[in-house]
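Heads up, the thing below is written out as structure tokens.
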Amino acid sequence: MRQGSAGDLIPYVLTEELLHLIDRPDEPASIQVELRLSGTIDEGKLRSAVATAVAVHPMAQASRAAGRVLLRPPRWRIEGRRAAEVVRSQDLGSDAELSAARAEFYSRPIGLQTAPGLRLLLARRRDGDSLLLNVHHAIMDGVGSLRFLHSVARAYRGRPDPVPAVDPLAMRDLGAHFGGPRPSGPPGAGRVDVPTGAPSLIVDLPTGKRSLIAPDREREDPGYGFVHLALPSDFLRPRDAPHVGPPSTLNDRLLASLHLTIDSWNAEHGNPCRKLAVMMPVNLRPPDWRHEVAANLITTALIESTPVQRSAVGLLLPAMVRQTRWVKSRAAFASALNPPPWLQLLSLALLGVRGVRGTSMAATLSNLGRIDGPPDFGREAGEVEAVWFSPPAPMAMGLSLGAAGWRNHLHLVLRYRRALFSDEAAGRFAGCFVDALRGVCRGGAM
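For the sequence shown, the residue numbers in the working numbering are 3 to 448.
Next comes the structure, spelled out in structure tokens:
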């Protein structure tokens, strides 16, 4: 794995530039990865381990060197020097204090003028520590952030940290390495059920009226709030209804449940939904190193639904399945890797003119999948009791749902902008989502 030489200048790829553009002081474009442990972590060893991990991953050493000049994209500089201090600790007496510290920690912006573009909070609790990692999304996605935390844990224990024999800086341009000819679309694709926009775009192009989530707050406060949910695996298995349509994945059922929740929430707030679009990140890493490389290697797709589809789970869930199958198909993969240059420039121009608040995506759903082995900090740190993850949720969306499976539970994080929800409203929305998920998993028995 290439380490990057001191002073190296490398161009941004499109995803990095778009994520840099949506970063705002009151709604940082950051990734949450959080571990709840049963034991304790030594702060001095943790600081040393973070510095070691930064030296392993070039994008952790990246700082913004220059902005865009006409057709020339912005540049990163690979620092190649000792990492700045990014670890702090805090003693917390209760889960309520941890919740408040979490909201404050992830609501702070991370500057990219110096490396590394990440922060860690060691939250000391009476019944075990929590380790919170906050990463600027322009340098890493969720998979990359979890991989970085594995490096920290291995350095903490003095263990080897094997990495794949690929250049992590070159691999950011996945189209150059894995792209094929741009297809026109899958055979027999339906007009509604297949995304019509370019799936590689973070910013959606205007494609007709879509609905956003109805706000519910007393005042428009800055920053993020979080609701953590741990659902047992048995709760999530389809049951109590005969199989109808193509088989669905957990991700499909989460998508359907989120569409239904937004639909019912808006109806209760006197704002019935038209078409809804939920953004779904897709990991573009090849299978042989699918969980490797601490960088941003994703594309995104908009998963849509109509009022007719949301009228019955038997209509909605197959619509989710058809769209996610297309997104994960070889044709869509090649399309995502090879957006034409004019479309890349158009997406940047639209974001510059409209801002992220001009987009029409209702929410983001990002699923890390089942985590077979979370970062292991050794005997004194104890067992990993929970793994929490969420992507950013800028307005006009204001809501993201992050999912990670660990042991016999699905850990969900509802991350919301306080400009969208009060804490009480977020709790009600989370309850509505759990009810919708229960109904979807039972075949529509709402």
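We treat Cβ as the ideally placed atom computed from N, Cα and C, and that holds for glycine.
Inset, instruction - Please name the residue in Ala296, Ala405 and Gln325 whose C-alpha comes closest to that of alanine 55. - result: Ala296
Inset, instruction - For glutamate 220, count neighbouring Cβ atoms within 10 angstroms of its own Cβ and tell me buried if that reaches 16, exposed if not. - result: exposed
Legend entry - Helix, strand or coil at glycine 2 according to DSSP, with G and I counted as helix: Nothing can be reported for residue 2: it is not among the residues displayed for the chain, which extend from 3 to 448.
Legend entry - Close beta carbons around proline 217, own chain, < 6 Å, minus the five adjacent residues each side: Leu422
Legend entry - Inter-stretch contact (C-beta, 8 Å, three-pair minimum) for the segment 144-164 and the segment 296-313: yes
Inset, instruction - Would you tell me roughly how many angstroms separate the C-alpha atoms of methionine 142 and threonine 302, rounded to the nearest one? - result: 14 Å
Inset, instruction - Go ahead and label glutamate 306 buried or exposed: buried means 16 or more other beta carbons lie within 10 angstroms of its beta carbon, across all protein chains shown. - result: Burial call: buried.
Inset, instruction - Go ahead and label leucine 73 buried or exposed: buried means 16 or more other beta carbons lie within 10 angstroms of its beta carbon, across all protein chains shown. - result: exposed
Legend entry - Inter-stretch contact (C-beta, 8 Å, three-pair minimum) for the segment 61-73 and the segment 100-110: no
Inset, instruction - Would you check if the distance between the CB atom of alanine 140 and the CB atom of alanine 51 is smaller than 9 Å? - result: no
Legend entry - First and last residue of the uninterrupted alpha helix (DSSP H) at phenylalanine 150: 144-159
Legend entry - the segment 116-134 touching the segment 12-20, judged by at least three CB pairs closer than 8 Å: no
Inset, instruction - Quick one: give me the first and last residue of the alpha helix (DSSP H) that serine 50 is part of. - result: 45-58
Inset, instruction - Run the CB neighbour count on valine 442, radius 10 Å, all protein chains shown included, and call it buried at 16 or more, exposed below. - result: buried
Legend entry - Alpha-carbon to alpha-carbon, aspartate 10 and proline 75: 15 Å
Inset, instruction - Tell me whether alanine 157 counts as near the ligand ATP, meaning its Cβ is closer than 8 Å to at least one heavy atom of that ligand. - result: Among the ligands in the structure shown, none appear at all, so the ligand ATP cannot be discussed.
Legend entry - Where aspartate 10 sits in the DSSP three-state scheme: strand
Inset, instruction - Report buried or exposed for histidine 230, applying the criterion of at least 16 other Cβ atoms within 10 angstroms of its Cβ. - result: buried
Legend entry - Extent of the continuous alpha helix (DSSP H) to which leucine 39 belongs: That residue, leucine 39, is in no alpha helix (DSSP H); its beta strand (DSSP E) goes 32-39.
Legend entry - Close Cβ partners of proline 283 (< 8 Å) along its chain, the five nearest in sequence each way excluded: Asp143, Gly144, Ile300, Thr301, Thr302, Thr366, Ser368 and Pro393
Inset, instruction - Mind checking which residues open and close the alpha helix (DSSP H) that includes leucine 422? - result: Per DSSP, leucine 422 belongs to no alpha helix (DSSP H) and is neither H nor E.
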